[in-house]
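Participant: To convert, note that position 161 of the sequence shown is 222 in the numbering used here; the numbers rise steadily by one, no gaps.
What follows is a single structure, and I will ask about it in a moment.
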Amino acid sequence: MSTFAPGSAHLTCRALVIDRERRVLRVLGPAGGPPVLPGARAGADDRTLLEVALRAVTERTRLTPADLCLTPELLTTPAHVEALTPTHYEFTFALYLAHELPEPLPDAEWTPVDQLDSADPGATSSAAALDGRPIPVNASALIHDGEGRYLLHLRDNIPGIWEPGAFALLGGGREPGDRTLEDTLRRELAEEVPGLEPADLEPYAVEEAVGTDGLCVPVQVFSGRWTGDPDKVGLAEGVLLRWFRPETLHRLRLDPGTRELLLRHASRPAAPTPVIPRPAKAPDAGGTELNIVGVHLYAEDDEGRVLLGLRHPDAVFAGSTWHFLAGHCERESAVACLVREALEEAGLLIDPGDVELAHVVHVLHGPSARPRLQLVFRARRWQGTPWLREPDKCLDWRWWDPDRLPEPLVPYARAAIDGIRTGRAYSEMGWCPA
62 MSTFAPGSAH
72 LTCRALVIDR
82 ERRVLRVLGP
92 AGGPPVLPGA
102 RAGADDRTLL
112 EVALRAVTER
122 TRLTPADLCL
132 TPELLTTPAH
142 VEALTPTHYE
152 FTFALYLAHE
162 LPEPLPDAEW
172 TPVDQLDSAD
182 PGATSSAAAL
192 DGRPIPVNAS
202 ALIHDGEGRY
212 LLHLRDNIPG
222 IWEPGAFALL
232 GGGREPGDRT
242 LEDTLRRELA
252 EEVPGLEPAD
262 LEPYAVEEAV
272 GTDGLCVPVQ
282 VFSGRWTGDP
292 DKVGLAEGVL
302 LRWFRPETLH
312 RLRLDPGTRE
322 LLLRHASRPA
332 APTPVIPRPA
342 KAPDAGGTEL
352 NIVGVHLYAE
362 DDEGRVLLGL
372 RHPDAVFAGS
382 TWHFLAGHCE
392 RESAVACLVR
402 EALEEAGLLI
412 DPGDVELAHV
422 VHVLHGPSAR
432 PRLQLVFRAR
442 RWQGTPWLRE
452 PDKCLDWRWW
462 DPDRLPEPLV
472 PYARAAIDGI
482 RTGRAYSEMG
492 WCPA
């Protein structure tokens with residue numbers, strides 16, 4: 062939000078705070094009236110409208126800005142704006158509760174979204190579209206050279222920016238036009254260091270930072286490899302780029318969380334020596350044929366139900382049919398593909414360490430079709446609630462009892478579910494008996 066001057070207008074800002082149970086924070090109304098959203102009037106000392114909404118929460122409750130975070134759907138955009146009079150405007154900002162509270166808040170209550178007053182349609186409609194589950198809205202790059210060095214960015218020593226005058230990872234905040242957090246990171250890298258293009262960006266970890274406004278900021282950290290010379294790339298922001306080894310990090314002005322993250326990455330087991338693939342042969346009746354690799358998410362909720370999506374009628378494969386959240390492997394590992402597809406298709410954030418291979422289906426759809434190796438991975442944990450991020454590909458996400466699966470369902474998806482439930486690791490479909 063930009064700086065503003067209230068002038069003669071009466072500007073009121075409210076905070077629509079939602080927790081993981083989709084409950085809305087309300088405080089006692091004026092003169093002991095019915096509960097209302099925390100609100101405050103903008104003053105001359107307020108820098109942004111969002112800052113006013115945060116002040117409304119902190120003044121009326123024990124919450125601090127660090128207990129709250131932006132919603133990935135709205136970021137700093139108001140959830141609702143209403144002109145109460147020609148000179149009185151009311152802005153409602155949506156925020157998520159970043160962490161579970163250790164104890165109840167005095168003089169406040171949490172109201173389920175479906176029980177909000179119909180007299181406040183702006184808050185009701187805004188809250189109905191939000192799930193209350195924080196997910197990252199910033200992305201950072203943990204760039205290494207594969208030989209133990211890490212690239213760090215010395216930030217400008219300018220008051221008002223995050224970590225002024227300190228070394229940090231490259232990256233920044235999501236903007237409305239960014240389709241994924243990887244898009245966010247690549248855009249930020251292009252803006253900050255136009256000549257730097259790391260290879261094999263993969264989600265590595267989710268960390269938390271504190272923004273300049275005091276809000277909690279979940280950050281998706283991507284790891285990537287680069288071996289260039291920092292002095293030979295254009296640096297559009299900050300002071301300098303340098304390579305550092307883990308043993309020298311203690312000498313730098315560096316956020317403790319970033320230092321711990323780098324040390325953790327440096328202490329991971331060494332990756333096996335890559336195998337150089339043989340040149341592919343043209344397919345023939347008796348030769349080698351490359352298989353298409355598909356990656357699929359097997360996720361169960363607390364009731365043991367399986368997540369499936371209804372594919373768009375115009376989908377190239379299996380239109381108007383239920384299927385796993387899935388995608389094709391690009392030039393990436395299968396787990397990296399799963400993590401990427403889960404975030405792109407349904408807004409789910411999955412840590413690669415929480416994934417395990419659950420079933421493999423080797424499929425042949427016809428004599429002339431290329432074979433497909435369908436890998437089904439079980440996610441033990443994830444962050445977020447499934448929502449339609451690609452409505453041109455999927456019409457609905459729904460949890461299904463495995464004993465009452467929907468119809469029509471992609472046949473190999475049904476075979477995989479049956480295999481997982483019976484403890485089988487492998488199935489075949491479409492192949493002629495030997």
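All C-beta atoms in this analysis are idealised placements derived from N, C-alpha and C, irrespective of residue type, glycine included.
Predicted model, so just to flag it, every value in this text is computed and none were measured.
For Leu-369, which of Val-377, Ala-251, Asp-363 and Tyr-359 has the nearest alpha-carbon?
Facilitator: Walking along the sequence shown from the start, residue 369 turns up at place 308. Of Val-377, Ala-251, Asp-363 and Tyr-359, the residue nearest in Cα terms is Tyr-359.
Participant: Taking the alpha-carbon of Pro-413 as reference, which of Glu-405, Leu-404 and Val-400 has the nearest alpha-carbon?
Facilitator: The residue given as residue 413 occupies position 352 in the sequence shown. Closest option to Pro-413, Cα to Cα, is Val-400.
Participant: Is Phe-152 closer than 8 Å to Cys-277 when the C-beta atoms are compared?
Facilitator: Walking along the sequence shown from the start, residue 277 turns up at place 216. Walking along the sequence shown from the start, residue 152 turns up at place 91. No; because the gap between Cβ atoms is not below 8 Å, this pair is not in contact.
Participant: Pull up the distance between the alpha-carbon of Glu-243 and that of Val-416, whole angstroms please.
Facilitator: Within the sequence shown, numbered from 1, the residue matching residue 243 stands at position 182. Within the sequence shown, numbered from 1, the residue matching residue 416 stands at position 355. Computed Cα separation, rounded: 20 Å.
Participant: Whose CA, out of Tyr-265, Gly-93, Asn-218 and Asp-192, lies closest to the CA of Gly-445?
Facilitator: As a working note, residue 445 is residue 384 in the sequence shown. Measuring from the Cα of Gly-445, the nearest candidate turns out to be Asp-192.
Participant: What number of angstroms, rounded off, separates the C-alpha of Ala-270 from the C-alpha of Glu-252?
Facilitator: Looking up residue 270 in the sequence shown gives position 209. Looking up residue 252 in the sequence shown gives position 191. Taking the straight line from one Cα to the other gives about 21 Å.
Participant: Determine which residues share a DSSP beta bridge with Arg-433 and list them.
Facilitator: Here residue 433 refers to the residue found at position 372 when the sequence shown is read from its first residue. Paired residues: Ile-353 and Val-424.
Participant: Between Leu-212 and Leu-322, how many whole angstroms is the CB-CB distance? I'm expecting something under 8 Å.
Facilitator: Counting from 1 along the sequence shown, the entry for residue 212 is found at position 151. Counting from 1 along the sequence shown, the entry for residue 322 is found at position 261. Wrong, their Cβ atoms sit about 13 Å apart, outside the cutoff.
Participant: How would you write the range of the alpha helix (DSSP H) that Asp-479 sits in, first residue to last?
Facilitator: Residue 479 sits at position 418 when you count from the first residue of the sequence shown. Note, Asp-479: alpha helix (DSSP H), 472 to 483.
Participant: Beta-carbon separation of Val-496 and Gly-232 under 8 Å?
Facilitator: There is simply no residue 496 to check, as the chain begins at 62 and stops at 495 in what is shown.
Participant: Beta-carbon separation of Ser-187 and His-141 under 8 Å?
Facilitator: Counting from 1 along the sequence shown, the entry for residue 187 is found at position 126. Counting from 1 along the sequence shown, the entry for residue 141 is found at position 80. Going by C-beta atoms, Ser-187 is nearer than 8 Å to His-141.
Participant: For Ala-379, which of Leu-470, Arg-108 and Arg-482 has the nearest alpha-carbon?
Facilitator: Indexing the sequence shown from 1 puts residue 379 at position 318. Each of Leu-470, Arg-108 and Arg-482 was checked against the Cα of Ala-379, and the nearest Cα belongs to Leu-470.
Participant: For a test of the three-state rule: what should DSSP assign to Arg-248, helix, strand or coil?
Facilitator: By one-based count along the sequence shown, residue 248 stands at place 187. Arg-248: helix per DSSP, three-state reduction.
Participant: In this structure, does DSSP put Pro-307 in helix, strand or coil?
Facilitator: The residue labelled residue 307 in the question sits at position 246 within the sequence shown. Three-state result, Pro-307: helix.
Participant: Quick check on DSSP: helix, strand or coil for His-326?
Facilitator: As a first step, residue 326 must be located in the sequence shown, where it is residue number 265. Helix at His-326.
Participant: Count the other CB atoms within 10 Å of the CB of Leu-351; is the residue buried (16 or more) or exposed (fewer)?
Facilitator: Within the sequence shown, residue 351 is the residue found at index 290, counting from 1. Note on Leu-351: under 16 other CB atoms within 10 angstroms of its CB, so exposed under the neighbour-count rule.
Participant: Return the chain-ordered ranges of every alpha helix (DSSP H) run that is complete within the region 240 to 306 and spans a minimum of 4 residues.
Facilitator: 242 to 253
Participant: For Ala-76, which beta-bridge partners are listed by DSSP?
Facilitator: For this step, residue 76 is matched to residue 15 along the sequence shown. Ala-76 is bridged to Phe-154.
Participant: Hey, out of Pro-95, Leu-158 and Pro-139, whose CA is closest to Thr-125's CA?
Facilitator: As a first step, residue 125 is located in the sequence shown; it is residue number 64 there, counting from the start. Among Pro-95, Leu-158 and Pro-139, the Cα nearest to that of Thr-125 belongs to Leu-158.
Participant: Figure out for me which residue from Glu-249, Gly-275, Ser-284 and Leu-257 has the closest Cα to the Cα of Tyr-265.
Facilitator: Taking the sequence shown and counting its residues from 1, one reaches residue 265 at position 204. Comparing alpha carbon positions, the residue from Glu-249, Gly-275, Ser-284 and Leu-257 closest to Tyr-265 is Ser-284.
Participant: Flag this pair as yes or no: are the beta carbons of Val-356 and Ala-395 separated by less than 8 Å?
Facilitator: The residue you call residue 356 lines up with position 295 of the sequence shown. The residue you call residue 395 lines up with position 334 of the sequence shown. It is a contact, given that the beta carbons lie within the stated cut-off.
Participant: In this structure, does DSSP put Asp-457 in helix, strand or coil?
Facilitator: The count along the sequence shown starts at 1 and reaches residue 457 at position 396. Strand at Asp-457.
Participant: Per DSSP, what are the beta-bridge partners of Ile-204 in this structure?
Facilitator: As a working mapping, residue 204 is identified with position 143 in the sequence shown. The partner list for Ile-204 (beta bridge, DSSP) reads Gly-285.
Participant: Ignore the nearest five residues each way along the sequence and tell me which others in Leu-89's own chain have a CB closer than 7 Å to its CB.
Facilitator: Working through the sequence shown from its first residue, we reach residue 89 at position 28. A distance below 7 Å between beta-carbons, with the five flanking residues on each side excluded, links Leu-89 to the following residues of its chain, in chain order: Pro-96 and Asp-168.
Participant: Measure the beta-carbon distance from Ala-190 to Phe-154 and round it to whole angstroms, keeping in mind my assumption that it falls under 8 Å.
Facilitator: Within the sequence shown, residue 190 is the residue found at index 129, counting from 1. Within the sequence shown, residue 154 is the residue found at index 93, counting from 1. In fact, because the Cβ distance is near 14 Å, the residues do not count as touching under 8 Å.
Participant: Have a look at Glu-112 and Arg-210 and give me their C-alpha separation to the nearest angstrom.
Facilitator: Within the sequence shown, residue 112 is the residue found at index 51, counting from 1. Within the sequence shown, residue 210 is the residue found at index 149, counting from 1. The alpha-carbon atoms of Glu-112 and Arg-210 are separated by roughly 39 Å.
Participant: Suppose you measure from the CA of Leu-409 to the CA of Leu-177; what does that come to, to the nearest Å?
Facilitator: For the purposes of this step, residue 409 is identified with residue 348 of the sequence shown, where counting begins at 1. For the purposes of this step, residue 177 is identified with residue 116 of the sequence shown, where counting begins at 1. Going from the Cα of Leu-409 to the Cα of Leu-177 covers about 27 Å.
Participant: Skipping 5 residues on each side, what residues in its chain have a beta carbon closer than 7 Å to that of Ala-476?
Facilitator: Indexing the sequence shown from 1 puts residue 476 at position 415. Cβ within range, chain order: Val-422, Ser-488 and Met-490.
Participant: Can you find at least 3 beta carbon pairs, one from the region 249 to 263 and one from the region 93 to 109, that sit closer than 8 Å?
Facilitator: no
Participant: When the distance is taken between beta carbons, is Leu-404 closer than 8 Å to Thr-241?
Facilitator: Working through the sequence shown from its first residue, we reach residue 241 at position 180. Working through the sequence shown from its first residue, we reach residue 404 at position 343. Against a cut-off of 8 Å, the Cβ pair of Leu-404 and Thr-241 comes out as a contact.
Participant: Can you tell me which of the three DSSP states Cys-390 falls into?
Facilitator: Counted from its first residue, the sequence shown places residue 390 at position 329. Residue state, collapsed to three classes: coil.
Participant: Residues in its own chain within less than 6 Å of Pro-447 by CB, not counting five upstream and five downstream?
Facilitator: Position 386 of the sequence shown, counting from 1, holds the residue named residue 447. The residues are Ala-407 and Trp-458.
Participant: Measuring CB atoms only, is the region 212 to 230 touching the region 312 to 320, in the sense that at least three cross pairs come out at less than 8 Å?
Facilitator: yes
Participant: Compute the distance between the beta-carbons of Ile-478 and Val-354, then report whether it is under 8 Å.
Facilitator: Looking up residue 478 in the sequence shown gives position 417. Looking up residue 354 in the sequence shown gives position 293. Not a contact, by the Cβ cut-off of 8 Å.
Participant: Could you check if His-214 is buried or exposed, using at least 16 other CB atoms within 10 Å of its CB as the buried criterion?
Facilitator: Position 153 of the sequence shown, counting from 1, holds the residue named residue 214. Per the 10 Å Cβ criterion, buried.
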